[in-house]
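In what follows, a single structure is set out as structure tokens and then discussed.
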Amino acid sequence: MAWLSFKKKYPIFLVFQDDCIRYVKLKSRSPLIVEKVGEKIIPSGVIQEGKIENLKLLTQMLNKCVQEWKIKGEKVRIAIPDSISVIRKVPVPAIIPDNELKGYIQVELGASIHIPFEEPIFDLHKLQKKEEKVEYLLFAAPEDVMKEYVSVLDEVKLKPVGVELASLANYRLFSELDLVDDHHHYLCLHLDRMGVNATAFHRHVPLFTRYIPMLSPEPADEVTNDRVITQPFDIEERWNELVTEIDRVMSFYQFSLSEQSNTFDAFIICGDHPQGEQFARQSTSYFDLPLIEIPQEKVVLERGLQVPKMFHTTVGLGLKGE
């Protein structure tokens, strides 16, 4: 009697940004084949720098997505904007047992470990042992913000099974396609319509992240179907500010984080800013660093069509193991 073969069922993958919600359904991870993609533009002010400012409207919009994409009742894994998160290297005394580790971190938050918000939720990734200390990577986000995202998902009958940062999803796609290695130092710049998120990676681990907002105090808006849509910042107008802030990130990494004053070996530039290609050309030339790009033929729909670059973060989210 032949064994029955069952098709692998993946969760639905959603990425929340300040200006949109994106959706990906995978057909296969290996080989990488995307079954469906979708996008819903979010009006200005509903999400700002990763924080939900209009819970009711976001719930209404996500509910429409659920109906249009036919995903009601599905398990979902989501990525949220890095702008609400903090990544820190944290030394922990080696005598602290594993079962007391989170309790120790909880006590130290706000004391020896400083983060810019109260009542965080956090996760830890072990890095290495150094003499009497064990070094961990701390990922933290505001608990109240995370609960709001979960409440929106619950309200529209989706079942959250995991949350991660967009930068990790971005990098994972490059890693799974063997475009990066564990020897070099990479600066991942995620360029969206509102700003740039800069994340440093070494040995496939994010060591530092910083969000650089770029919208002016009174951004240009466009009214579409009675919705106010924020227009992207202009690369040319903000170029000097951009390179100044990126240079600060690079200097901080070299002189404050890197143990041997390492510099970055390459840029990873991703995101959906309409001037993204221009930004990539100018920044790699200005900083004299190579650019790692994803070959278009590597990310395809099951019909053989190329998946637009704007969905690469969502695809990377889908590559996370169970």
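If you read the sequence shown in the numbering used here, its first letter stands for residue 1312, the second for the next number, and so on.
We put the beta carbon where it would ideally sit given N, CA and C, even for glycine.
Because the structure is a prediction, the values reported are computed rather than measured.
No Cβ-Cβ contact shorter than 9 Å links residue 1628 with residue 1340. Excluding five sequence positions before and after residue 1617, the CB atoms of its chain that fall closer than 8 Å to its own CB belong to 1607, 1608, 1610 and 1611, given in chain order.
At a Cβ-Cβ threshold of 9 Å, residue 1329 and residue 1595 do not count as neighbours. Straight across, the Cα-Cα distance linking residue 1551 with residue 1394 is about 21 Å.
Judged by pairs of C-beta atoms under 8 Å, the region 1393-1407 touches the region 1514-1528, as three or more such pairs exist. For residue 1326, same chain residues with a beta-carbon under 6 Å away, outside a window of 5 residues either side, are 1333, 1390, 1624 and 1625 in chain order. A distance of 9 Å or more separates the beta carbons of residue 1484 and residue 1358.
With respect to the C-alpha of residue 1383, the residue from 1579, 1503 and 1323 having the closest C-alpha is 1323. In this structure, the straight-line span from the alpha carbon of residue 1603 to that of residue 1523 is close to 21 Å. Annotated as distal: residue 1338 and residue 1379, with beta-carbon spacing of 9 Å or more.
In this structure the region 1577-1589 touches the region 1490-1506; the number of beta carbon pairs closer than 8 Å is three or more. Taking 9 Å as the cut-off, the beta carbon of residue 1480 is found no closer than this to the beta carbon of residue 1497. A Cβ-Cβ separation of about 7 Å places residue 1420 in contact with residue 1426 under the 8 Å criterion.
Residue environment for residue 1513: buried (at least 16 other C-beta atoms within 10 angstroms of its C-beta). The alpha carbon of residue 1335 has as its nearest neighbour, out of 1554, 1349, 1509 and 1492, the alpha carbon of 1349. Judged by DSSP secondary structure, residue 1559 falls within the alpha helix (DSSP H) whose first and last residues are 1550-1563.
Using a Cβ-Cβ distance cut-off of 8 Å, the region 1364-1379 and the region 1443-1450 are not in contact, since fewer than three pairs of beta carbons, one from each stretch, lie closer than that value. Here residue 1578 is not near residue 1563, since their CB atoms are 9 Å or more apart. Residue 1363 sits buried, since 16 or more C-beta atoms from the chains shown fall within 10 Å of its C-beta.
Residue 1462 carries a helical assignment under DSSP once its states are collapsed to helix, strand and coil. The Cβ neighbour count for residue 1361, taken over all protein chains shown within 10 Å, is at least 16; the residue is labelled buried. Following the DSSP letters along the chain, one finds residue 1506 inside the beta strand (DSSP E) bounded by residues 1506-1513.
In this chain, the beta strand (DSSP E) harbouring residue 1439 covers 1431-1441.
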